[in-house]
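A.B. asks:
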Amino acid sequence: MRKLLIVLSASILFFLGGCSFLNDAQDTISYINEATDYLTTATDFASDAPALAQQAISDIQAAEDLQNMLQQMQDSAQAFSEIQAPDIAAELHQQIIEQNSVITAEIETLLNNYKDGLLDPAILENTELFQSVQDITSIIDQIQQLSGE
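For the numbering used here, count along the sequence shown from 1 and bump the result up by 6.
(1) Measuring straight from C-alpha to C-alpha, what distance separates T46 and Q32?
(2) Alpha carbon to alpha carbon, how far is T115 from L76?
(3) Would you report the Cα separation of E40 and I109, rounded to the nearest angstrom?
(4) Would you tell me roughly how many angstroms separate the C-alpha atoms of P92 and T34, rounded to the nearest one?
(5) To which residues of the same chain is A48 closer than 6 Å at the C-beta, ignoring the five residues directly before and after it?
(6) According to the Cβ coordinates, are M79 and A62 closer than 9 Å?
(7) Would you mind giving the Cβ-Cβ distance between L125 and N119, rounded to the nearest angstrom? I have them listed as a contact below 8 Å.
(8) What residues are listed by DSSP as bridge partners for Y44?
(9) Quick one: residues in its chain with C-beta nearer than 6 Å to the C-beta of P127, no 5 flanking neighbours on either side, listed in chain order?
(10) Give the single residue among G123, Q73, N74 and E104 whose Cα lies nearest to the Cα of E88.
(11) In whole angstroms, give me the CA-to-CA distance for T133 and E70.
(12) So the alpha helix (DSSP H) E134 belongs to, where does it begin and stop?
(13) Does the beta-carbon distance from Q60 to L130 come in below 9 Å?
(14) Considering only the alpha carbon of each residue, which of A83, Q67 and E112 lies closest to Q100?
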């Protein structure tokens, strides 16, 4: 009876340990999926926003479209910064949080530099926004490598 109890206890502990491992793996996969979605958002933004920003200097509709795009990117950056990263990606996630801080500050600067509904052209010369977005895409590429993709 005692041996049966020991075997049963060991089996339960082994099973619980396996569940923890499975939960960690599932959390990592979920995080990688969220990072991939954010990568898509950041990549789309990095490819579309520079040209739209140039148009926003002289075109009211482009300026409005850029404001919407900037706000959406800012919201996405803030939302991704708030998710919980698994231990395996914690350092990379911290790097993304740091870049997201730069991105949100740069977006705020752009949003505050509209005159008469158009983007002030002088602000585009001094922005680090698009480089910061590029930096995030390289970090997220590293996260995707964690899953072997």
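All residues carry an ideal CB built from backbone N, CA and C; glycine is no exception.
C.D. replies: Let me spell this out:
(1) Position 40 of the sequence shown holds residue 46. Position 26 of the sequence shown holds residue 32. Looking at the two C-alpha atoms, the distance is approximately 21 Å.
(2) Taking the first residue of the sequence shown as position 1, residue 115 is located at position 109. Taking the first residue of the sequence shown as position 1, residue 76 is located at position 70. Rounded to the nearest angstrom, the two C-alpha atoms are 11 Å apart.
(3) Translated into the one-based positions of the sequence shown, residue 40 becomes position 34. Translated into the one-based positions of the sequence shown, residue 109 becomes position 103. Whole-angstrom Cα-Cα distance: 18 Å.
(4) Position 86 of the sequence shown holds residue 92. Position 28 of the sequence shown holds residue 34. For P92 and T34, the distance between alpha carbons rounds to 6 Å.
(5) The residue given as residue 48 occupies position 42 in the sequence shown. Cβ neighbours of A48 beyond the five flanking positions: V139, I142 and T143.
(6) Residue 79 sits at position 73 when you count from the first residue of the sequence shown. Residue 62 sits at position 56 when you count from the first residue of the sequence shown. No; because the gap between Cβ atoms is not below 9 Å, this pair is not in contact.
(7) On the sequence shown, position 119 is the one that residue 125 refers to. On the sequence shown, position 113 is the one that residue 119 refers to. With a Cβ gap of about 7 Å, L125 and N119 count as contacting.
(8) Locating residue 44 in the sequence shown gives position 38, counting from the first residue. Looking at the DSSP assignment, Y44 forms no beta bridge with any residue, so it has no partner.
(9) Taking the sequence shown and counting its residues from 1, one reaches residue 127 at position 121. Cβ neighbours of P127 beyond the five flanking positions: I63.
(10) Along the sequence shown, one-based indexing puts residue 88 at 82. Nearest C-alpha to E88: E104.
(11) Your numbering for residue 133 matches position 127 in the sequence shown. Your numbering for residue 70 matches position 64 in the sequence shown. Whole-angstrom Cα-Cα distance: 19 Å.
(12) For the purposes of this step, residue 134 is taken as the residue at position 128 of the sequence shown. Neither: E134 is in no alpha helix (DSSP H) and is coded neither H nor E.
(13) Here residue 60 refers to the residue found at position 54 of the sequence shown. Here residue 130 refers to the residue found at position 124 of the sequence shown. Result yes, Cβ atoms of Q60 and L130 sit closer than 9 Å.
(14) The residue labelled residue 100 in the question sits at position 94 within the sequence shown. When each option's Cα is compared against that of Q100, the closest is A83.
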